[in-house]
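Chemist: Residue numbers (the UniProt record's numbering): 1 to 667.
Idealized CB from N, CA, C, for every residue including glycine.
(1) Would you report the Cα separation of residue 412 and residue 403, rounded to the nearest angstrom?
(2) Under three-state DSSP, which class holds residue 61?
(3) Answer yes or no: do residue 296 and residue 35 have a C-beta to C-beta separation smaller than 8 angstroms?
(4) Check whether the Cβ atoms of residue 315 and residue 79 sit closer than 8 angstroms, and answer yes or no.
(5) Which of helix, strand or coil does DSSP assign to residue 563?
(6) For residue 58, which residues of its own chain have a beta-carbon under 6 angstroms away from its beta-carbon, when the five flanking residues on both sides are left out?
(7) Starting from residue 140 and walking both ways along the beta strand (DSSP E), at which residues does that stretch end?
(8) In three-state DSSP terms, what is residue 153?
(9) Ordered along the chain, which non-local residues of its own chain (more than five positions away) have a Cβ less than 7 angstroms from that of residue 193?
(10) Straight-line CA distance for residue 169 to residue 160?
(11) Which of helix, strand or coil does DSSP assign to residue 159?
(12) Determine, using beta carbons only, whether residue 317 comes closer than 8 angstroms to chain B.
(13) Within 10 angstroms of its Cβ, does residue 462 collect 16 or more other Cβ (buried), or is it exposed?
(14) With respect to the beta strand (DSSP E) encompassing residue 178, which residues constitute its N-terminal and C-terminal limits?
(15) Starting from the N-terminal side, write out each stretch of the beta strand (DSSP E) that is 3 residues or longer and does not extend beyond the stretch 261-341.
(16) So who's on the other strand from residue 475, going by DSSP bridges?
(17) Could you tell me the alpha carbon to alpha carbon distance between residue 237 and residue 164, rounded to whole angstroms?
(18) Short of 7 angstroms in beta carbon distance, which residues of its chain neighbour residue 330, apart from the five on each side in sequence? Order them along the chain.
(19) Could you work out which residue in 124, 142, 119, 143 is closest to residue 133 when comparing CA atoms only?
(20) Ends of the beta strand (DSSP E) at residue 85?
(21) Taking buried to mean at least 16 other C-beta atoms within 10 Å of its own C-beta, is residue 298 buried or exposed?
(22) Would you tell me roughly how many angstroms separate the C-alpha atoms of residue 387 and residue 358, rounded to the nearest one?
(23) Just to check my reading of the structure: residue 244 and residue 257 have Cβ atoms closer than 8 angstroms, yes? What is that Cβ distance to the nearest angstrom?
(24) Within a Cβ cutoff of 7 angstroms, which residues of the same chain sit near residue 126, ignoring the five residues on either side of it in sequence?
(25) Considering only residues of the same chain and omitting the five flanking positions on each side of residue 149, which have a CB-CB separation below 8 angstroms?
(26) Suppose you measure from the CA of residue 465 to the CA of residue 397; what does that come to, to the nearest Å?
(27) Would DSSP call residue 173 helix, strand or coil?
(28) Would you please state the rounded distance, in angstroms, between the beta carbons of residue 56 and residue 311? I believe it to be under 8 angstroms.
(29) Would you kindly work out how many angstroms separate the C-alpha atoms of residue 607 and residue 360, rounded to a whole number?
(30) Out of 190, 645, 208, point me to the one whose CA is closest to residue 197's CA.
(31) Give the single residue among 76, 367, 379, 294 whose Cα lies nearest to the Cα of residue 355.
(32) Measure the C-alpha to C-alpha separation of residue 589 and residue 611 and round it to an integer number of angstroms.
(33) Looking at the structure shown, is residue 464 part of a helix, part of a strand, or coil, going by DSSP?
(34) Note the first and the last residue of the continuous beta strand (DSSP E) segment covering residue 101.
(35) Among 406, 407, 408, 459, which has the Cα closest to the Cα of residue 431?
Here it is, written out as structure tokens:
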């Protein structure tokens, strides 16, 4: 909003989401909040009211931009477009005012006795019917320009009203949860529906008495009623019982009800969700949950486009191709949706965590591989972030405490860093830090003489700071890699020191850097480098020999330990009721499992436990005989023998107790 056009274009080049975004109508928004949105009957103008300050904005769909904006004295409760275009508009305002606008702007303003909540226009008689915080329905005739006799109802207050477009029956929803129907010709009540009682079913849970919050006619006989507890009831005017009751399950008042005739759908919305469902079966077609609370929903006629007024500056526009074609002023949307169907894009898992097989084993979730909880992707899996956090907490319940301690330690060290510090070596990699300090000192002395800029220190560089703070980066000098690499590193550092010394001598003598030092030819230098190479190669060989000797000594020690350890006999207890079988049985089983299925079936046939026979159709039939009864009999016999042995032992033990010192019993 506050970016310049140039910055917006630059952002579009970088951000893919911004580049894909389509702005159908320029500046289709309100300063703070939009409350109501409607489309004119000719489909050319979209009108919306909102705050702050209270205003109405008219958008021209042919120009895809705003046509005009008019500020009002007070907030608009609802409004109605009386003409085919924007030339005649009526606004019901929260200060009991009714304001009329014509094509040029404000036309007339009047006031009703009580605060209004909704109104409807009766076309045959040019009457406006106002309902609100009163038991009366006020009538204002626009042809005569005066108020007519009010309709006296039984309700204490009324919330919504609507007039049937076919036979012009006037219906109003009351705060007591009833719908009263009136005939405008005779000004008498012709029907009463108790919707509060019908909205309570076995599945619904409500708190308090439901009042009527939305009302909409469909054709001559159907009427949809929305309650303050989140239920939508569809009625046939010939019956007092609803055809279907649909619950939003949020307990929020229904804000808007629309009918989609092509697919026989009802579009109902509360402040959180828009639901589309079949009016015959109640089956959900689709639902949408915008980011901000919904105030009003408008269905563009004969199309698949929805517009919403929200508790946010931006008014949302949704296009659902299944509901119908795009309006003629944005017909390019159809071709765009076809291209999106042809080129499906990969899904980005925002609420998922990527884990490898090793991570799953550490968390103890390896058994979930192949289930619907894991989505295979590349070399790992995607899993729900909530499940990942739960498993991590169970695997390591003290992880947060450790993390907290580490953060506290880091904060303390940060505060210490602000104090006056003495030069001291870090806790981790002290030798490496000392080596770097010495090398930096030498290079600084040399650069001062040559008047060059000093290079940044590795110890002070944030990129390498963790290497001297985290113990995980400690150099292991006893490792094989370090011992094999150390001779080469030490030789290189010696060579570097020698080179620095030579360059210092050259500077002292005032000679150029490219010239060779006196008394030393290039051949001598090359021979020296070859000697150095021979030296470190020998050192590497020496280290390899030492590593082999150490490995040999370790092997000998392990052998000695194995020889010294005496193998003690192990005793195993057999469970009660089980019969001991020799270890040969398990070996036989293993041999049997290695055989093919054909060999195993032949063996079972010989033993008599399997009978294979040909059927009349040409297939084979196999019959198995289980040895359940024989195993049960053997188990009973073993238990019987065991009981007899225990009795005999008890008798002998009691006999020995009666004659002490005569003998001992071993068990």
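Modeler: Reading off the structure:
(1) Rounded to whole angstroms, the gap between the alpha carbons of residue 412 and residue 403 is 14 angstroms.
(2) In the structure shown, residue 61 sits in coil (DSSP, three-state: anything other than H, G, I, E or B).
(3) In terms of Cβ geometry, residue 296 and residue 35 form a close pair [threshold 8 angstroms].
(4) Not in contact: residue 315 and residue 79 (Cβ atoms no closer than 8 angstroms).
(5) Residue 563 falls in the helix class under three-state DSSP.
(6) In its chain, beyond the 5 residues on either side, 45, 47, 67, 68, 86 have a beta carbon closer than 6 angstroms to the beta carbon of residue 58.
(7) If you look at residue 140, you'll find it in the beta strand (DSSP E) that goes 136-141.
(8) The DSSP-derived three-state label of residue 153 is coil.
(9) Only 178, 179, 235, 240 meet the Cβ criterion.
(10) The alpha-carbon of residue 169 is positioned some 14 angstroms away from that of residue 160.
(11) In the three-state reduction of the DSSP assignment, residue 159 falls in the strand class.
(12) The structure shown contains no chain B, having only a single protein chain.
(13) Its Cβ having fewer than 16 others within 10 Å, residue 462 is exposed.
(14) From DSSP, the beta strand (DSSP E) with residue 178 extends over 178-183.
(15) Listed in chain order, the complete beta strand (DSSP E) runs (minimum 3 residues) inside the stretch 261-341 are 265-269, 274-278, 284-288, 294-299, 305-310, 316-319.
(16) Checking the DSSP bridge columns, you'll see residue 475 has no partner listed.
(17) Residue 237 and residue 164 have their alpha carbons spaced roughly 11 angstroms apart.
(18) Only 24 meet the Cβ criterion.
(19) Nearest option by C-alpha distance: 119.
(20) No beta strand (DSSP E) holds residue 85; DSSP gives it neither H nor E.
(21) Buried.
(22) For the pair residue 387 and residue 358, the Cα-to-Cα distance works out to about 17 angstroms.
(23) Contact check for residue 244 and residue 257: beta-carbon distance about 13 angstroms, past the 8 angstroms limit, so the pair fails to qualify.
(24) By the criterion of a C-beta distance shorter than 7 angstroms, residue 126 is surrounded in its chain by 141, 142, 143, once the five residues flanking it on both sides are discounted.
(25) Around residue 149: 139, 187.
(26) Rounded to the nearest whole angstrom, the C-alpha separation of residue 465 and residue 397 is 30 angstroms.
(27) Strand, per DSSP.
(28) Contact doesn't hold; Cβ gap of about 18 angstroms is too wide.
(29) Rounded to whole angstroms, residue 607 and residue 360 show a C-alpha spacing of 47 angstroms.
(30) For the residues 190, 645, 208, the minimum Cα distance to residue 197 belongs to 208.
(31) Restricting attention to 76, 367, 379, 294, the CA atom closest to the CA of residue 355 is found in 379.
(32) Their backbone Cα atoms lie some 21 angstroms apart in a straight line.
(33) Look at residue 464 here: in three-state DSSP terms it is helix.
(34) According to the DSSP assignment, residue 101 belongs to the beta strand (DSSP E) that extends over 97-101.
(35) With distances taken between Cα atoms, residue 431 lies closest to 459.
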